[in-house]
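In this note's numbering, the protein residues as written are 91 to 679.
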């Protein structure tokens, strides 16, 4: 078998990678597919129906281009890589996002693209607006703020602010996070799609929102300018200022836009106004400018017309979907609120349960203590009852003792009275004895004096008699008288002796009588002293007995009342001071 020739077989498919703002997709496309076929496949895959805002963009050398829908993919200037990479991006921007963006997926794609443009500083945003936009981005990502879950540092890995804003102020990441969190906490209750819509509503008021810039030059003077194309018209800027245009051409005032190679011509609707011309150095850029002008103008005119049936259906469905989601969110919010309330109620019940358990435990402990206390009180009550009985018995005994003591006291009083009477009699007797003793002492002194005088007289008389007898009697007998017979002399001598003897016997008798009376007086004094001592001892014993009786009576009365009172001793010295002084006197006597 011979081979006449070999012809290289062409592949029937090619690989495509489409990068959206939040995903990457790969498709196997047929060679004959046009740009519209690939675009429709991507839109179906994403679930997008508002296709007129989007397109597939690819990179060509130092610029970019949009895939044309009516031309085959491989016939365009797409990269020759495999797979071919396209970016699915918004090509045209709405004038009012809240009115024109119907589907939630459309809002989400716009939100991601605008957010990336702001963070990449393709759209200028002030620091204040950047913080506010960042708070809505956080709300869209994390939902409602929960301080228990969203701890400090939870935004550390999120890119939320442009680098220019971060460098403009000397603030730490924690300080920026604190500012963003302060706004974020105020967005509670806002759903993700609502937060993204609020983000877009703020972003659409930024000067560079939705504007595509191209470098151009003005005719004759060859001045460098910037051309801006957006949903409202064409704008001419200075190279150093993309915020405020030098001149604007609204779509409503433009009658025609045309270009020939590098020259662009803008014809105003008012024929009296001058035609504006500008130049672009690259043909590829000129085609891109013309595409954007045609697409934005078509959308501008489309917004001023009645919506098509498809758009009306989409809006109705979106309205129903929003109403349904709103209802679901309300139901979810109610369920969440009910769940939170149930959790709070559960926590409260658990807390209450723990509290009740603690109270029950404390109550059980208190009950046990109460039972122990009750037993102790019962025991104490029994002891108290026994003590009460004992005290009653003691009270009865005390009453009996009191009565006995009263009787004894009465007897003691009577005995005391008798003793006082005896004392008075003894005192009187003592006084009489004193008087008698004093009288006897006086008499004894007189007798002693008389006795002394008598003895002196007797002595003198004896001496005189002796003297007389010795001197006188012999002489007389010798000279004057006859001598007496011996019988007469003896008789005279005997008479004198008798007289002397008589006097001696009287003195002895008197002395014996005085001595006898003295002895009798001493015996009587001794007997009286013994009686006084016995009387004093008896009085002291009566006093001691009376004090003991009073103390016993007080102690019994105190025990009957439940306490013991110390007896008060009342001295009786004052009452018997006179008697004691007299007793001392008699003791001395």
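Note that CB positions come from ideal geometry on N, CA and C, so glycine has one too. Owing to the predicted nature of the structure, the values given are computational and were not obtained by experimental measurement.
Limits of the beta strand (DSSP E) - the one that residue i falls within
i, result
"residue 220", "From DSSP, residue 220 is part of no beta strand (DSSP E) but of the alpha helix (DSSP H) over 217-232."
"residue 185", "Looking at the DSSP string, residue 185 is not in any beta strand (DSSP E), and its letter there is neither H nor E."
"residue 319", "314-319"
"residue 156", "153-156"
"residue 174", "174-180"
"residue 369", "366-369"
Endpoints, alpha helix (DSSP H) assigned at residue i
i, result
"residue 132", "125-136"
"residue 685", "An answer regarding residue 685 cannot be provided, because it is not within the stretch 91 to 679 covered by the chain."
"residue 334", "No alpha helix (DSSP H) contains residue 334, which DSSP labels as neither H nor E."
"residue 274", "263-274"
"residue 241", "Taken as a continuous stretch (DSSP letters only), residue 241 belongs to no alpha helix (DSSP H), as it is neither H nor E."
"residue 255", "253-258"
Cross-strand partners of residue i (DSSP beta bridge)
i, result
"residue 614", "Note: residue 614 sits in no beta bridge, so no partner."
"residue 115", "108"
"residue 346", "357"
"residue 302", "319"
"residue 279", "The partner list for residue 279 (beta bridge, DSSP) is empty, contrary to what the question assumes."
"residue 200", "Per DSSP, none; premise fails for residue 200."
"residue 147", "156, 177"
"residue 120", "103"
"residue 340", "323"
"residue 307", "314, 369"
"residue 162", "124"
Through-space distance from residue j to residue i, alpha-carbon basis
i, j, result
"residue 525", "residue 556", "45 Å"
"residue 634", "residue 641", "11 Å"
"residue 315", "residue 332", "10 Å"
"residue 588", "residue 537", "Residue confidence is low: residue 588 scores 43 on pLDDT, short of 50, so the model does not pin down where it sits. Its coordinate-derived value is still stated next. Using only the alpha carbons, I get a separation of about 25 Å."
"residue 254", "residue 260", "12 Å"
"residue 161", "residue 137", "24 Å"
"residue 271", "residue 257", "20 Å"
"residue 143", "residue 109", "16 Å"
"residue 422", "residue 416", "9 Å"
"residue 658", "residue 639", "Low per-residue confidence applies at residue 658: pLDDT is 40, beneath 50, and the placement is therefore not dependable enough to give any value."
"residue 678", "residue 491", "In this prediction, residue 678 scores a pLDDT of 49, lower than 50, which makes its location untrustworthy; the coordinate-derived value is nonetheless stated afterwards. The alpha-carbon atoms of residue 678 and residue 491 are separated by roughly 43 Å."
"residue 207", "residue 434", "43 Å"
"residue 554", "residue 545", "14 Å"
"residue 445", "residue 465", "29 Å"
"residue 427", "residue 279", "11 Å"
"residue 487", "residue 480", "10 Å"
"residue 301", "residue 171", "30 Å"
"residue 192", "residue 273", "27 Å"
"residue 154", "residue 432", "57 Å"
"residue 292", "residue 348", "34 Å"
"residue 289", "residue 336", "28 Å"
"residue 541", "residue 527", "20 Å"
"residue 413", "residue 262", "42 Å"
"residue 341", "residue 101", "45 Å"
"residue 360", "residue 198", "40 Å"
"residue 372", "residue 355", "16 Å"
"residue 468", "residue 476", "12 Å"
"residue 436", "residue 140", "47 Å"
"residue 440", "residue 236", "22 Å"
"residue 630", "residue 612", "27 Å"
"residue 200", "residue 447", "57 Å"
"residue 343", "residue 187", "23 Å"
Proximity winner among the options, relative to residue i (alpha-carbon distances)
i, options, result
"residue 530", "617, 166, 119, 604", "604"
"residue 419", "304, 234, 475, 261", "234"
"residue 284", "252, 299, 229", "229"
"residue 515", "342, 534, 625", "625"
"residue 353", "308, 320, 391, 325", "308"
"residue 212", "321, 599, 297, 480", "297"
"residue 364", "478, 345, 406", "345"
"residue 392", "616, 619, 190, 118", "190"
"residue 148", "362, 343, 378, 103", "378"
"residue 195", "560, 268, 614, 134", "134"
"residue 615", "152, 533, 547, 519", "519"
"residue 324", "203, 558, 368", "368"
"residue 115", "351, 146, 121", "146"
Any C-beta of chain C under 8 Å from that of residue i
i, result
"residue 223", "In the structure shown, chain C does not exist; there is a single protein chain."
Can at least three beta-carbon pairs, one atom from the segment 238-249 and one from the segment 372-386, be found at a separation below 8 Å?
No, the segment 238-249 does not touch the segment 372-386.
Just checking, does the segment 123-131 make contact with the segment 207-226 on the three C-beta pairs under 8 Å criterion?
no
Would you call the segment 476-494 in contact with the segment 613-632, where contact means no fewer than 3 C-beta pairs closer than 8 Å?
no
Check whether the segment 105-125 touches the segment 171-189, counting contact only when three or more Cβ pairs, one atom from each stretch, lie closer than 8 Å.
yes
Do the segment 112-126 and the segment 148-164 touch if we need at least three Cβ pairs shorter than 8 Å?
yes
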